[in-house]
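Residues in the sequence shown are numbered from 3 upward in steps of one, following our numbering.
Glycine included, each C-beta is placed from N, C-alpha and C at the ideal position.
Predicted model, so just to flag it, every value in this text is computed and none were measured.
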Amino acid sequence: MAPTAVNQEPQELQETIKKLASLKPIGHSKSTAGVVTGYNQEWAARLPEATKERFAKYGVDISHGYPYIPENEKVPKFVDEAFAVRNEEYPYVERGKNADPEKKSLFDAATDVIHLTPYIGTEIVGLQLSELTDKQKDELALLIAERVVVFFRDQDLSPQKQLELGKYWGQVEVHPQAARPGPEFDGISVIWHEYGRSTWGSSLDFKSIGPGWHSDLVHEKQTAGITHLHLDSIPSLGSDTLWSSTYGAYDKLSPALQQFLD
């Protein structure tokens, strides 16, 4: 049976589109019909002290509220609008391409370099990301490509400097709907479990494995090269974050299965 045709005049169609576009962006689950855009005063009062201290130190004004979510009109409403976000190729300089393979500038400046597993993970001790030279940044980009994830403890890093560092390595992703410290901090997304669970209905249980295991921005035309996660507040127990290497997993497969996947 053929679908029923919907006859709408252009004027009526435009009115329908306007009504749909005025709807609040939906949440990530059935528990939320929409979110409050703009600044949020309620959650600003719940910020961990470590985050408040960092923001105060670096002049991040949260007097209007925290976090900030872009207004509805800036958020894609239709599938074609969502797919159009960063759907074009843009100039990109691979900073690690011509870096010193031995990474002498980076490693010699560190007090220790600890490889955490054979396949993934390296900790750099004794360096501040805010003080890296361009040569060291290039070598770090190469190290990230080789070791998948690199850790730096006890960083004295402002949100402004974090954005500057990201821009050195490439175009910073600006999520159209994600919460951020403020409108002037496009490119920094807030990851706060309690806020996400309350606002978006997001969960970290085994029923919703997507937020648990994922690769960043694989749907985009040019996928993410580097993701920078800065931790303001860390619980003394639990809330572990895990990383895995699909390169290492692939290398362990039989030649026949590798060929099948290829």
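- Contact annotation: VAL95 and PRO178 have beta-carbon atoms that are not nearer than 8 Å.
- Under DSSP, ILE71 takes part in a beta bridge, and its partners are GLY40.
- Residue pairing by DSSP puts ASP114 in a beta bridge opposite VAL127.
- For VAL152, the enclosing beta strand (DSSP E) starts and ends at 152-154.
- By the Cβ-count criterion, ASN89 is exposed, with fewer than 16 other Cβ atoms from all chains shown falling within 10 Å of its own Cβ.
- In the three-state DSSP reduction, ARG88 falls in the coil class, being neither helix nor strand.
- In terms of Cα proximity to SER247, the closest of TRP215, LEU233, ASP234 and LYS223 is TRP215.
- Here PRO183 is buried. Its C-beta has 16 or more other C-beta atoms within 10 Å.
- Beta-bridge partners assigned by DSSP to ARG182: TYR70.
- Taking all protein chains shown into account, PRO12 has fewer than 16 neighbouring C-beta atoms within 10 Å of its C-beta and is therefore exposed.
- One Cα belongs to SER235, the other to ILE146, and the distance between them is close to 24 Å.
- DSSP places HIS195 in the uninterrupted alpha helix (DSSP H) bounded by 195-201.
- Taking the C-beta atoms as reference points, THR124 is found nearer than 8 Å to ARG149.
- By the 16-neighbour rule on beta-carbons within 10 angstroms, GLY98 is buried.
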